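Remarks on the structure that follows.
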Amino acid sequence: MTTFQEAVAAEVAIAQAAWGRLFGAAMDAIAGCLARRETRATAAEMITGLLAEVDPRNCWTLAQALGHPGPHRLQHLLSRARFDHDRAREEIARLVIHELAGQDVVLVADETGDAKSSTDCVGAGRQYSGAIKGVGLCQVAVHLAAGTASVRVVSDRALYLPKDWAADEKRREMTGVPDEIMFATKLQQTAVMVENALELGVRARWCAGDEVYSGRELRVRLRALGLGYAVGVSHTHVVTDGTGRRWKARQMINKVLPGQWMRLQTGHGTKGTREYDWAWLDVRADDAPNGHQDDGTSVLVARRYRYTGEISFFRCWSPGYVTLAQLVEVICRRWQIEETFQLGKTFTGLDEGQVTCWNSWMRWTLFSLAASAVFALTAAATTTASPAGPVRLVPLTCPELVRLLRAFVLTPPVRDAEHVLRWIAWRRHNQATAQACHQRRHALQDQP
């Protein structure tokens with residue numbers, strides 16, 4: 047066995063042990079949220095199946111891969127089973143918080159969307175989503191991630207209901223939206239998730255987000271909770287300097303002299319270190335909560351791309367003294383949630399559920415995020431515990447870890463001939479039945 051293979055074999059043993067411990071801890075955490083032993087077993091199969099070599103991921107494909115005779119067990123788990131999914135989400139969050147204990151945690155808020163073909167899906171409407179690169183018919187969900195220097199895990203999510211959708215009683219009844227769930231802005235949903243995370247025990251000093259989460263309402267709530275923030279703002283965002291004069295961000299940055307820009311590293315990529323030019327200017331805070339003094343450090347931070355000169359702006363506040371390097375580190379943590387979304391959509395089917403109702407959406411995303419959390423924590427534990435490998439091996443990446451788990455840990459998909467033929471026949475029969483029902487419904491609607 048070569049030196050390279052020996053290093054990889056050592057990582058396999060570490061990953062197997064880490065996965066077994068973390069997956070067992072996750073299932074123990076949610077066991078009390080599931081009423082029956084059979085439901086708990088199905089939930090465990092669902093989580094492992096989401097990481098298996100299945101494409102696309104939905105109840106039909108997962109049931110076939112798991113060896114079920116039909117999708118009914120998984121569909122029952124998602125829609126009708128006695129399952130306190132809200133409490134299960136809290137238990138998974140507590141597990142994540144326990145694993146991140148002692149590390150510098152930054153909370154990051156961001157949203158992602160999934161394209162849909164009908165407004166019958168819960169929360170689906172014409173709205174903007176960066177995931178579909180514009181305005182279209184989609185679902186949008188706000189996510190809150192806990193990120194450290196080595197690991198980032200989504201700990202909570204909230205489905206955004208557009209105002210017209212939230213007020214439509216017929217669609218709410220059809221999709222089973224609880225009566226207590228009313229319209230809330232993305233800023234309000236984020237504030238609630240941050241408060242829940244702090245109540246569950248997360249030790250965070252900062253919250254970060256993009257322009258969507260730069261509204262004064264959210265910044266006031268974050269300061270009331272004792273958190274500093276670093277949020278992106280547009281070049282037209284208005285700030286107030288020390289003399290009380292108001293400036294747009296693009297005008298304010300003209301006060302920075304050429305020699306005042308500082309070049310800092312923001313990470314490492316396959317092509318080397320990533321470096322930008324940074325500068326900050328003191329501004330007056332406009333978001334002091336009622337009963338709080340207007341203290342702390344309030345600044346406007348600018349990032350300049352050194353090749354094109356393009357400038358981005360960030361509004362930051364800290365309850366105490368802070369350096370530019372510390373703010374840059376917090377700002378760069380915001381991009382970690384994009385990697386988390388990519389991980390969830392690529393390996394755990396976060397956007398592939400094909401569910402239409404409230405319970406089904408909440409439970410599918412819960413299982414997807416639970417699988418992502420166990421996977422991310424396994425990756426961090428494997429990287430931390432692995433001995434120093436040969437110079438000619440890059441660190442273990444997420445795609446390679448998925449291949450490792452599929453080969454040595456996860457149960458492979460069932461692919462015997464009889465099982466596959468039975469599933470092909472089952473799918474085609476159900477598709478034919480659905481097609482006939484649609485045709486009859488259209489024929490009845492066409493009658494005078």
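All you need for the numbering used here is the position in the sequence shown, starting with 1, plus 46. From the three backbone atoms N, C-alpha and C, an ideal C-beta is built for every residue, glycine too. Small disclaimer: the values here were computed from a predicted structure and weren't measured.
Query, Result
"For the candidate residues 348, 469, 148, 383, whose alpha-carbon lies nearest to that of residue 155?", "383"
"Where do the N-terminal and C-terminal ends of the alpha helix (DSSP H) with residue 210 fall, by residue?", "209–212"
"State the Cα-Cα distance for the pair residue 168 and residue 203, rounded to the nearest angstrom.", "15 Å"
"With a cut-off of 8 Å on the beta carbons, I'd call residue 207 and residue 229 a contact; round off their distance for me.", "6 Å"
"Check for me: the beta strand (DSSP E) holding residue 153 runs from which residue to which?", "151–161"
"For residue 475, which of helix, strand or coil comes out of DSSP?", "helix"
"Of the choices 170, 338, 355, 166, whose alpha-carbon is the least far from that of residue 296?", "355"
"According to DSSP, is residue 232 helix, strand or coil?", "helix"
"Please state if the CB of residue 395 and the CB of residue 135 are separated by a distance shorter than 8 Å.", "no"
"Give me, in chain order, the residues of the same chain whose beta-carbon lies closer than 6 Å to that of residue 306; leave out the 5 immediate sequence neighbours on both sides.", "325"
"If you count every other CB in all the chains shown that lies within 10 Å of the CB of residue 388, and 16 or more means buried, which is it?", "exposed"
"Where residue 244 and residue 279 are concerned, what is the direct C-alpha to C-alpha distance, given to the nearest angstrom?", "25 Å"
"How about residue 175 and residue 193: are their beta carbons less than 8 Å apart?", "no"
"Compute the minimum distance between the beta carbon of residue 240 and the heavy atoms of the ligand COA, and state whether it is under 7 Å.", "Only the bare structure without any ligand can be found here, which leaves the ligand COA out of the picture."
"Going by C-alpha to C-alpha distance, which of 177, 90, 151 sits closest to residue 188?", "177"
"Which runs of the alpha helix (DSSP H) spanning at least 4 residues fall entirely within the stretch 72–113, listed in chain order?", "83–97, 105–112"
"Which residues in the same chain have their Cβ closer than 8 Å to the Cβ of residue 292, if we skip the five residues on either side of it in sequence?", "284, 285, 286"
"Going by DSSP in three states, residue 122 sits in which element: helix, strand or coil?", "helix"
"If we call anything under 8 Å between Cβ atoms a contact, is residue 266 one with residue 415?", "no"
"Using C-beta distances below 7 Å, list every residue in its chain close to residue 237, excluding the 5 sequence neighbours before and after it, in chain order.", "264, 267"
"Considering only the alpha carbon of each residue, which of 217, 224, 288, 71 lies closest to residue 345?", "288"
"Report the option in 418, 348, 368, 371 whose CA atom is closest to the CA atom of residue 360.", "348"
"Measure the alpha-carbon distance for residue 91 versus residue 385 and round it to whole angstroms.", "25 Å"
"Assuming residue 439 and residue 53 are in contact, meaning their beta carbons sit under 8 Å apart, how far apart are those beta carbons, in whole angstroms?", "6 Å"
"Using the beta-carbon count (16 or more within 10 Å), is residue 233 buried or exposed?", "buried"
"Check the DSSP bridge columns for residue 190 and list the partner residues they point to.", "155, 202"
"Using the Cα positions of residue 144 and residue 89, report the straight-line distance between them to the nearest angstrom.", "22 Å"
"Would residue 81 and residue 128 qualify as a contact pair, given that the criterion is a beta-carbon distance under 8 Å?", "yes"
"Using DSSP with H/G/I as helix, E/B as strand and the rest coil, what is residue 381?", "coil"
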